[in-house]
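S.K.: The sequence shown begins at 52 in my numbering and counts up by one.
Every residue, glycine too, gets a C-beta built ideally from N, C-alpha and C.
Bear in mind the structure is a predicted one, so any value in this text is a computation, not a measurement.
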Amino acid sequence: METTNLTALLSNLRHATEFWNAVKESGPDQDTTTTGVFSDAREWLTTAALALGNALIAQREAAGGDHE
Numbered sequence: 052m053e054t055t056n057l058t059a060l061l062s063n064l065r066h067a068t069e070f071w072n073a074v075k076e077s078g079p080d081q082d083t084t085t086t087g088v089f090s091d092a093r094e095w096l097t098t099a100a101l102a103l104g105n106a107l108i109a110q111r112e113a114a115g116g117d118h119e
């Protein structure tokens with residue numbers, strides 16, 4: 052895995068985290084719960100974290116390392 056790809060994944064995770072924090076700070080008002088903003092933020096954050104984790108695992112496997 053190239054550093055460039057990891058940089059993009061880290062950037063995506065950072066943006067997802069910023070969005071999650073903004074939504075969380077806004078509180079569960081009627082607009083955010085009705086439009087599904089909380090679930091969208093949670094889904095983006097989860098997906099971004101898993102994508103980065105999978106990329107790091109793939110990078111380690113490609114380098115011949117184990118997970119223990």
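1) Put A48 into one of helix, strand or coil per three-state DSSP.
2) Taking the alpha-carbon positions, what's the L45 to L101 distance?
3) List the whole-angstrom C-beta distance separating W71 from L96, where the pair is believed to meet the contact cut-off of C-beta under 8 angstroms.
4) Just to confirm before moving on: does the CB-CB distance between A99 and L57 stay below 7 angstroms?
5) How long is the line joining the alpha carbons of E112 and A59, rounded to whole angstroms?
M.R.: So, to answer that:
1) With the chain covering only 52 through 119, there is no way to say anything about residue 48.
2) As displayed, the chain neither begins before 52 nor continues past 119, which places residue 45 out of reach and without an answer.
3) 5 angstroms
4) no
5) 20 angstroms
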